[in-house]
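Heads up, the thing below is written out as structure tokens.
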Amino acid sequence: MPQDEAPRERGDVRTAAVRQVLIARARERLCEACAQAPDADAPTAVSLRVQDADLFVITPDASVLHDVGPAQTSLVDLDGQVVGTAWDRRSAPSSDTAAHAAAHRSGAGRAVASCAGRLAHASTPAAALHAVADQDGSPSTHEEPQHHTRSTQ
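Numbering (my numbering), first residue to last: 38 to 190.
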């Protein structure tokens, strides 16, 4: 029955190709938000859930996120296991990866940011970064209303 196997194999290849495109898009969206992020007083990390997958991409801990590009991001599953290392082979995923995984598992938002023991999740990486940077814990006026913050300590 080779005829039955060929379409399935093509479908598997197509599915794998779509998944890789979605991962690449998540890396790009994450880094677009990082490019706009202000320098932080403490190392900050941000992650974004990959569309239609139980995966997310995460930055390394960095005080200057606008220097982080797709090559420095890692691919992680919802259990916090790295399934794709950073392409630069030097960057390690954030030390808060487990907390990001827990937030992504909860389904509270597509994006998570962490800094100085604080964790915020929102629908976009930029909103999560703004929420975690807000020092007094209250949402700023330009924030999306659905972000949440909590201490990771």
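Ideal Cβ positions, reconstructed from N, Cα and C, are used throughout, including at glycine.
The beta-carbon distance between residue 93 and residue 141, rounded to whole angstroms, is 5 angstroms. This is short enough to meet the 8 angstroms contact definition. Non-local C-beta neighbours of residue 123 in its own chain, meaning closer than 8 angstroms and more than five positions away in sequence, comprise 97, 108, 109, 110, 111, 129 and 130, ordered along the chain. Here DSSP, grouped into helix, strand and coil, assigns residue 81 to strand. Counting along the chain, the unbroken beta strand (DSSP E) around residue 158 starts and ends at 155 to 159.
Going by C-alpha positions, residue 106 is about 15 angstroms away from residue 76. Taking the Cα positions, residue 61 is about 12 angstroms away from residue 86. Closest in C-alpha terms to residue 57, from the list 154, 80 and 90, comes 90. With 16 or more other CB atoms across the displayed protein chains lying within 10 angstroms of its CB, residue 84 is buried. Counting other Cβ atoms within 10 Å of its Cβ, residue 113 reaches 16 or more and is therefore classed as buried. In the structure shown, residue 92 adopts extended strand secondary structure according to DSSP, grouped into three states.
Closest in alpha carbon position to residue 88, among 103, 65, 71 and 82, is 65. If you draw a straight line from the Cα of residue 126 to the Cα of residue 171, it comes to about 32 angstroms. Comparing alpha-carbon positions, the option among 63, 59, 103 and 69 lying closest to residue 80 turns out to be 103. DSSP, read as helix, strand or coil, puts residue 168 in helix. As DSSP reads the structure, residue 151 sits in a beta bridge with 82 and 156.
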